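Asker: Residue numbers (full-length UniProt numbering): 1 to 562. Ideal Cβ placement from N, Cα and C applies to all residues, glycine included. All figures in this text were calculated on a predicted structure; none of them were measured in a lab.
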Amino acid sequence: MTAFPTDDLHEVPKSRAPQPPVPEGGNEENEIELGALWQGVRRGLPWILLTAALVGGGTYLWSRAQPSVYTASSSLVTSGNGNVGGTSLVTAAPLPPGALQEALQGPVVLGNIIKQVQRAPQFSAAQRSEVSADLQQELQRQELTTIELQARLDQGGNGVYVVSARGPSPKASAALTDIATDALLSWDRSRALSVIQRAQASLRAQVASINTQLAAGNLTDIERQTLITARAGVQRSLAEAGIQVVGLAGYLQKVAPAVAPLDRVSPRPTRNAILAGLLTLLLGVGLAALRTVTDRSVRSEEDLLNFGLPTLGVIPRLRKRDIVMSGIVRAARQAGLYEAIGFLRVNLLSQLPRKAGLRVLVTSTSPGEGKSSLTATLADSFAASGQRVLIIDADLRRGTQQEVWDKFQREYRWVQLAGQEGGARSLQDALRQPGNVQVMEVEPQVHVLPSGPGLHDSLPLLNQADLGGILPQWSRGYDLVLIDSPPLLALADSLVLGRHTDGVLIVTEEGKTSLQTVRQLLRRANQGGLPILGFVLNKVAVSSRGNQNYGYSYEPRRAGQR
């Protein structure tokens, strides 16, 4: 029998400490450290950057395929009021706020613009058809976007109106701007002209009324002379109104014609690509941070410490390629994982009494968290330190130890565990005849008792067996017995087996095992009286451990190095 080396042990407790109560949750579970938040974002950063690059590139290509758009502009200024025959006749009243915009998108002005575009020589046939169709649709929707009007007026209504138009070419945009400006000036002139025309109609009606009164013939000389004088004054005002029509300018005046632009306003592939990439990046970082905040899985050792139990080991994740090529046991002998398993071995021994035939049950909350692989690599680590290890695959429904070690080697030597010769070669048969059992020697110092074919209902078999006598008998001759049991929350088998062990090791997976399931497992284990030793945080991404890389960079010094 190989004794435990003293340098692998911390201070050994003289008696088992009582199990701590299971926390019911509180502020610790809801707190999110900045470090954890950064690690959550960092894990998704490669995909975020790749997505941002793809979105930016796609936006760039899409923008380049869009037709070019140019914008030209012109200005209109307010020119004040005029009068006809004194102060009573005004050429055009000041425009109320929004009146010019309503006129621009109305059928009179916009219809005039469409007609002018269809005759403008600055447009090609295709451009003429396209611009006319766009303006016609905007007229029907009452949403004018091809032509824009901005007012820069003071409180008195005086100022500048800026007319901008979008076109498929520099000449087309300038021509459309001038057409829109002229259409507005024409509308404003017709508005002013209508004022004079109404005044002329009123003056003509006054002349007709005076003529009717003069034709009555029953007027005195004074009345006739008064009417003749009044008619002369009205006729003079009518003549002045006719003269005013010739020089009518309206309320608006054009500052200068539009100038053809040099650069297009859209599309801008580079700008659009940068904006799309940045937006995708920010959105991706936000989603990654939100996912980290709402993630209730085990993310670090600190999450497990909230349950009042130690984390005995932090095991880095292996590449699937290495596991497929060489198997978990060989892959685990790489420097980083080998040292991590060494830490686990030392910490595990510190929680156990100093005696031979120690029995440790390895379980988890759910399948797939790596308890079977961890059991095999832990046994290999103990064997490397000179200790004899027996692995009992107690997952009678879905045992995997046979598969794990088959990738290490195919040929095994069967040795006698109990009895004189031959006997059961699976746990199912061994529980029925515990006095005559054989185990596989998978490597020197490591023996494995496979579970056997999948058994649908394993609990009756465990309950009928005298585990209190069988397990101590099988443990003779070994320094450590590792029992690979089913997930504790999946089957009750672990509760039955755990009562006959010296400790229970709980395997959790980073980013997968939820804190709620750990809490449920501890509650069930405490109710069943299981001696919980602590946790193992398994499949940890090496990049998320910071400087805790367990020997990845602490290599042996070569000859000649200082």
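Kindly identify the DSSP beta-bridge partner or partners of residue 538.
Answerer: 509
Asker: So, is the C-beta of residue 464 closer than 8 Å to a C-beta in chain D?
Answerer: The structure shown contains no chain D, having only a single protein chain.
Asker: Does the stretch 43 to 60 come close enough to the stretch 280 to 288 to have 3 or more Cβ pairs within less than 8 Å?
Answerer: yes
Asker: Is residue 117 buried or exposed, if buried means 16 or more other CB atoms sit within 10 Å of its CB?
Answerer: That one is buried.
Asker: For the candidate residues 235, 188 and 132, whose alpha-carbon lies nearest to that of residue 210?
Answerer: A check of alpha carbon separations from residue 210 across 235, 188 and 132 identifies 235 as the nearest.
Asker: Let me confirm a value: residue 226 is counted as buried when at least 16 other C-beta atoms fall within 10 Å, else exposed. Which label applies?
Answerer: Per the 10 Å Cβ criterion, exposed.
Asker: Excluding the 5 residues preceding and the 5 following residue 151 in the sequence, name in chain order all residues of the same chain whose CB lies nearer than 6 Å to its CB.
Answerer: 161
Asker: What does a CB cutoff of less than 6 Å around residue 461 pick up in its chain, not counting 5 residues either side in sequence?
Answerer: 431
Asker: Starting from residue 165, trace the alpha helix (DSSP H) in both directions and tell me its first and last residue.
Answerer: No alpha helix (DSSP H) holds residue 165; the beta strand (DSSP E) holding it covers 159 to 167.
Asker: The alpha helix (DSSP H) with residue 575 in it runs from where to where?
Answerer: The question about residue 575 has no answer, for the chain in this structure spans 1 to 562.
Asker: Could you tell me which uninterrupted alpha helix (DSSP H) segments, each at least 4 residues in length, are contained entirely in the stretch 74 to 152, listed from first to last along the chain?
Answerer: 99 to 104, 107 to 119 and 125 to 141
Asker: Just the C-alpha distance for residue 339 and residue 439, rounded to the nearest angstrom, thanks.
Answerer: Pairing residue 339 with residue 439, the inter-Cα distance amounts to about 28 Å.
Asker: For residue 427 versus residue 470, is the C-beta spacing smaller than 8 Å?
Answerer: no
Asker: Of the choices 506, 458 and 446, whose alpha-carbon is the least far from that of residue 477?
Answerer: 446
Asker: Let me know the alpha helix (DSSP H) ranges lying completely inside the stretch 158 to 240, each 4 residues or longer, listed in chain order.
Answerer: 170 to 215
Asker: Do residue 443 and residue 376 have their C-beta atoms within less than 8 Å of each other?
Answerer: no
Asker: Can you give me the start and stop residues for the alpha helix (DSSP H) that residue 525 sits inside?
Answerer: If you look at residue 525, you'll find it in the alpha helix (DSSP H) that goes 515 to 527.
Asker: Starting from residue 501, follow the beta strand (DSSP E) in both directions and report where the run begins and ends.
Answerer: Segment: none, residue 501 is in no beta strand (DSSP E) and carries neither H nor E.
Asker: For a test of the three-state rule: what should DSSP assign to residue 63, helix, strand or coil?
Answerer: helix
Asker: State the CB to CB distance for the pair residue 109 and residue 47, rounded to an integer number of angstroms; the pair is presumed to be in contact (CB under 8 Å).
Answerer: About 53 Å separates the beta carbons of residue 109 and residue 47, which is beyond the 8 Å limit, so they are not a contact pair.
Asker: Tell me the DSSP bridge mates of residue 70?
Answerer: 167
Asker: Leaving out five residues on either side along the sequence, give the residues of the same chain with a beta carbon under 6 Å from the beta carbon of residue 344.
Answerer: 312 and 313
Asker: DSSP puts residue 414 in a beta bridge; with which residues?
Answerer: 440
Asker: Can you find at least 3 beta carbon pairs, one from the stretch 485 to 502 and one from the stretch 514 to 525, that sit closer than 8 Å?
Answerer: Judged by Cβ distances under 8 Å, the stretch 485 to 502 makes contact with the stretch 514 to 525, as three or more pairs qualify.
Asker: Round the Cβ separation of residue 357 and residue 434 to the nearest angstrom and send it over; I've been treating them as touching at under 8 Å.
Answerer: Actually they are not in contact, since the Cβ atoms of residue 357 and residue 434 sit about 16 Å apart, beyond 8 Å.
Asker: Does residue 68 pass the burial test, meaning 16 or more other C-beta atoms within 10 Å, or should it be called exposed?
Answerer: When all chains shown are included, residue 68 counts as exposed.
Asker: Three or more beta-carbon pairs under 8 Å between the stretch 354 to 374 and the stretch 492 to 511, yes or no?
Answerer: yes
Asker: Tell whether a beta-carbon distance below 8 Å holds between residue 495 and residue 451.
Answerer: no
Asker: For residue 273, which residues of its own chain have a beta-carbon under 8 Å away from its beta-carbon, when the five flanking residues on both sides are left out?
Answerer: 56, 57, 59, 60 and 63
Asker: Select from 521, 145, 218 and 302 the residue whose C-alpha is nearest the C-alpha of residue 530.
Answerer: 521
Asker: Could you give the uninterrupted runs of the beta strand (DSSP E) lying entirely in the stretch 420 to 494, keeping only those of 3 residues or more?
Answerer: 437 to 443, 446 to 449 and 480 to 484
Asker: Does DSSP put residue 269 in a helix, in a strand, or in coil?
Answerer: helix
Asker: Using only CA atoms, which one of 40, 536, 135 and 39 lies nearest to residue 346?
Answerer: 536
Asker: From the DSSP output, read off the bridge partner residues of residue 364.
Answerer: In the DSSP output, where bridge partners are listed per residue, residue 364 has 507.
Asker: If you check the beta carbons only, do residue 381 and residue 342 fall under 8 Å apart?
Answerer: Closer than 8 Å, so yes.
Asker: Going by DSSP in three states, residue 292 sits in which element: helix, strand or coil?
Answerer: helix
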